[in-house]
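Quick note, the sequence shown lines up with residues 7 to 135 if you use the working numbering. Ideal Cβ positions, reconstructed from N, Cα and C, are used throughout, including at glycine.
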Amino acid sequence: LLDLLTLAATVWVIYCMRVTLKATYNKQMDSVHVWYVLVPCAVAAVVAHPSTSHLFVNRVLWALCVYVEAVSVLPQLRMMQKAKVVERFTANYVFALGIARFLSCAHWVLQIFDGQSYLATAIGSGLWP
């Protein structure tokens, strides 16, 4: 049920972006292409993905989603940098969102290493910097 609600919310947001709020999109300010974000994330997903019992494709796609979510704030930051005038609350929100995405990505990268208890061993033996 929760997955269905998440899917419905995602479809609603995409609908609002493509239909309802389409007039607010400023193409001149948007200079980050999708490939600049997706290709590095795809390479990272192939190199660093969890070692679970799932199919290889599923593990790589899951890692790709985590990495794309982690860097999804970068196009917004670039757009705000080009605009040069940003409301304070918007800037604070985007900054907090960026920190949350970074920590989310860091958490999952640490989980990848912890698949064989590497993280617990490294911290316990003092090998972790």
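Confirm, please, whether the CB-CB distance from residue j to residue i is below 9 Å.
i	j	result
V38	L80	yes
V74	L44	yes
M86	D36	no
Looking only at C-alpha atoms, which of the options sits nearest to residue i?
i	options	result
V40	T12, Q82, K88	Q82
A102	Y21, L10, K88, S78	S78
A106	A97, A76, K90, L8	A76
N1	Y99, K88, F108	One cannot answer for residue 1 here, as it falls past the ends of the chain, which runs 7 to 135.
H113	L11, H55, R24, A15	H55
List in chain order: all unbroken beta strand (DSSP E) runs of 3+ residues lying wholly within the segment 44–120. Runs of the beta strand (DSSP E) lying entirely within the segment 44–120 and spanning at least 3 residues: none are present.
Evaluate the contact criterion for the segment 66–79 versus the segment 48–57: three or more CB pairs, one atom per stretch, below 8 Å. Yes, since at least three Cβ pairs between the segment 66–79 and the segment 48–57 fall closer than 8 Å, the two stretches touch.
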